[in-house]
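Numbering (my numbering), first residue to last: 736 to 1143. Virtual Cβ for every residue (Gly too), placed ideally from N, Cα, C. Note that the structure is a prediction, hence the values are computed from the model and not measured.
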Ligand SMILES: Cc1cc2nc3c(=O)[nH]c(=O)nc-3n(C[C@H](O)[C@H](O)[C@H](O)COP(=O)(O)OP(=O)(O)OC[C@H]3O[C@@H](n4cnc5c(N)ncnc54)[C@H](O)[C@@H]3O)c2cc1C
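Structure representation (structure tokens):
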């Protein structure tokens, strides 16, 4: 491992820390109400975060995954839902900007939207049937070419910040396509005829992401909505794995760091009656704190190493392995740390007024967030062993000869 954090990355980290201090004042309320943290999205816009991963020559900040990992860990400590939802924006803008499949004029158009016009872009590839176990990367939603634009029909699920975003980037299968892995990316604005949102997001954790469902019923968008059309979307998805999948990992690390900081304060300040020392002096408490610190530091190192590989090597097998290794470990570590913090906090931590209660619920989402824990291990095992996915038996009985595990 041979990387260092630059002064510019430290500066971004500090700016994120400052924003997080403000986000923290509203996090409990947005969690309780499952409301969109629109003030936070506005603050991120004002701070220039919308163009973070737009290349410099197109007016953006041109940061890589390591810079974002440092910033995301900070933002999530203030409001994890804000950090996760906002990451949807970066996670779809980044791969479009980096892909050789996207024409330069399209990149310029998208850069103008996010950098100069301050547009917030959600990303909605998921559908109710989407699963890391499904043997195809292609959605059921379809887009039909019509005079002056497209008509999109389908049902999308888990659309974070769908009501707050200026556009949502949707993946659809081109109606006239013959290739099984063809797909298009289209930008759908809130007022597109035929688009409606169903408010189904009353969830355990990450409540203020408002990851609702979206129905597109012959939804009409103009020619300008098209960002990419490819007869094989798999390379685009694999090459964008750093932003599509790797960029959520540091958000969850931030949840665990917030829980750790909160419980350290608690055990240092709570002195049981009849004693002269706070809980921190209890040997079992010290041991728990030590274990949590090991988990956090190991998780951080794995994230930074994967991000550095991604920034310097691109989407090599070594980078993909590192991204999956980091996501797996972070999911487990966040679950352990938030649970231990909750236990050390005792009955007080069970109350809705305790931030530890929220960190515990947000932390529970970590192993489930794509790429889920078991997907990470399945794919990492294949990469480590150098297996060709086509030679590996499908994990379940498949409905066709082509179906098998996909390495993305
Ligand atoms: C808070 C939150 C916000 C989200 N926001 C968005 C968004 O804005 N846009 C969007 O498009 N999507 C979003 N998603 C959806 C997400 O990215 C997935 O598409 C969706 O979660 C898939 O559904 P699933 O987890 O139920 O399915 P599955 O992938 O089926 O996962 C369920 C379980 O199956 C097992 N599993 C899955 N794949 C494998 C495998 N290959 N090998 C072994 N076991 C496996 C694992 O145990 C996994 O935990 C969001 C999800 C969450 C939790």
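Check: residue i C-beta below 7 Å from any heavy atom of ligand 1
{"i": "residue 1100", "result": "yes"}
{"i": "residue 985", "result": "no"}
{"i": "residue 775", "result": "no"}
{"i": "residue 1116", "result": "no"}
{"i": "residue 865", "result": "yes"}
{"i": "residue 783", "result": "no"}
{"i": "residue 859", "result": "yes"}
{"i": "residue 1093", "result": "no"}
{"i": "residue 1133", "result": "no"}
{"i": "residue 725", "result": "Nothing can be reported for residue 725, as the shown portion of the chain is limited to 736 through 1143."}
{"i": "residue 771", "result": "no"}
{"i": "residue 969", "result": "no"}
{"i": "residue 1103", "result": "yes"}
{"i": "residue 904", "result": "no"}
{"i": "residue 1108", "result": "yes"}
{"i": "residue 790", "result": "no"}
{"i": "residue 1051", "result": "no"}
{"i": "residue 963", "result": "no"}
{"i": "residue 1034", "result": "no"}
{"i": "residue 894", "result": "yes"}
{"i": "residue 1113", "result": "yes"}
Cross-strand partners of residue i (DSSP beta bridge)
{"i": "residue 923", "result": "903"}
{"i": "residue 908", "result": "877"}
{"i": "residue 889", "result": "951"}
{"i": "residue 894", "result": "947"}
Residue i: CB within 7 Å of a non-hydrogen atom of ligand 2
{"i": "residue 946", "result": "Looking for ligand 2 in the displayed structure turns up nothing; the ligands present are ligand 1."}
Given residue i as reference, the closest of the options once Cα atoms are compared
{"i": "residue 965", "options": "909, 936, 1121", "result": "909"}
{"i": "residue 886", "options": "948, 954, 931, 848", "result": "954"}
{"i": "residue 771", "options": "808, 1072, 816, 755", "result": "816"}
{"i": "residue 1034", "options": "1066, 777, 983, 803", "result": "1066"}
{"i": "residue 983", "options": "952, 969, 1038", "result": "1038"}
{"i": "residue 883", "options": "1021, 834, 961", "result": "961"}
{"i": "residue 967", "options": "787, 831, 913, 752", "result": "913"}
{"i": "residue 956", "options": "1093, 754, 877", "result": "877"}
{"i": "residue 750", "options": "769, 763, 784, 917", "result": "784"}
{"i": "residue 975", "options": "1120, 836, 744, 1134", "result": "836"}
{"i": "residue 860", "options": "744, 951, 1005", "result": "951"}
{"i": "residue 1151", "options": "824, 972, 781", "result": "Nothing can be reported for residue 1151, as the shown portion of the chain is limited to 736 through 1143."}
{"i": "residue 759", "options": "993, 1023, 1053, 1064", "result": "993"}
{"i": "residue 1003", "options": "947, 1122, 1080", "result": "1080"}
{"i": "residue 848", "options": "789, 830, 890", "result": "789"}
{"i": "residue 978", "options": "1028, 809, 1054", "result": "1054"}
{"i": "residue 792", "options": "980, 850, 756", "result": "850"}
{"i": "residue 985", "options": "1046, 763, 802", "result": "802"}
For residue j and residue i, the rounded distance between their alpha carbons
{"i": "residue 852", "j": "residue 842", "result": "14 Å"}
{"i": "residue 811", "j": "residue 929", "result": "34 Å"}
{"i": "residue 1115", "j": "residue 1059", "result": "6 Å"}
{"i": "residue 1031", "j": "residue 888", "result": "43 Å"}
{"i": "residue 862", "j": "residue 906", "result": "10 Å"}
{"i": "residue 959", "j": "residue 996", "result": "47 Å"}
{"i": "residue 865", "j": "residue 1016", "result": "48 Å"}
{"i": "residue 991", "j": "residue 1098", "result": "7 Å"}
{"i": "residue 806", "j": "residue 1132", "result": "43 Å"}
{"i": "residue 919", "j": "residue 902", "result": "16 Å"}
{"i": "residue 944", "j": "residue 989", "result": "16 Å"}
{"i": "residue 826", "j": "residue 798", "result": "13 Å"}
{"i": "residue 1102", "j": "residue 1071", "result": "11 Å"}
{"i": "residue 774", "j": "residue 970", "result": "36 Å"}
{"i": "residue 833", "j": "residue 796", "result": "14 Å"}
{"i": "residue 738", "j": "residue 1040", "result": "8 Å"}
{"i": "residue 1130", "j": "residue 1107", "result": "16 Å"}
{"i": "residue 1143", "j": "residue 1021", "result": "Summary for residue 1143: the model assigns pLDDT 47, below 50, so the residue's position carries little reliability; its value from the coordinates is reported in the next sentence. One C-alpha to the other measures close to 41 Å."}
{"i": "residue 742", "j": "residue 1043", "result": "15 Å"}
{"i": "residue 917", "j": "residue 818", "result": "31 Å"}
{"i": "residue 924", "j": "residue 804", "result": "29 Å"}
{"i": "residue 840", "j": "residue 753", "result": "35 Å"}
{"i": "residue 1006", "j": "residue 1076", "result": "17 Å"}
{"i": "residue 1105", "j": "residue 1091", "result": "24 Å"}
{"i": "residue 821", "j": "residue 1010", "result": "46 Å"}
{"i": "residue 1027", "j": "residue 1008", "result": "27 Å"}
{"i": "residue 926", "j": "residue 981", "result": "31 Å"}
(request) Starting from the N-terminal side, write out each stretch of the alpha helix (DSSP H) that is 4 residues or longer and does not extend beyond the stretch 829-885. (result) As far as the stretch 829-885 is concerned, its whole alpha helix (DSSP H) runs of at least 4 residues are 839-846.
(message) Give the list of continuous alpha helix (DSSP H) stretches no shorter than 4 residues that lie fully inside the stretch 748-793.
(response) Within the stretch 748-793, the complete alpha helix (DSSP H) runs of at least 4 residues are 762-768, 773-781.
(request) Would you list, in sequence order, the uninterrupted alpha helix (DSSP H) runs of no fewer than 4 residues that lie entirely inside the stretch 917-980? (result) Positions of the alpha helix (DSSP H) runs, each at least 4 residues long and wholly inside the stretch 917-980, are given as 969-974 in order along the chain.
(request) Let me know the alpha helix (DSSP H) ranges lying completely inside the stretch 1082-1123, each 4 residues or longer, listed in chain order. (result) Within the stretch 1082-1123, the runs of alpha helix (DSSP H) at least 4 residues long that lie entirely inside it are, in chain order, 1090-1099, 1108-1120.
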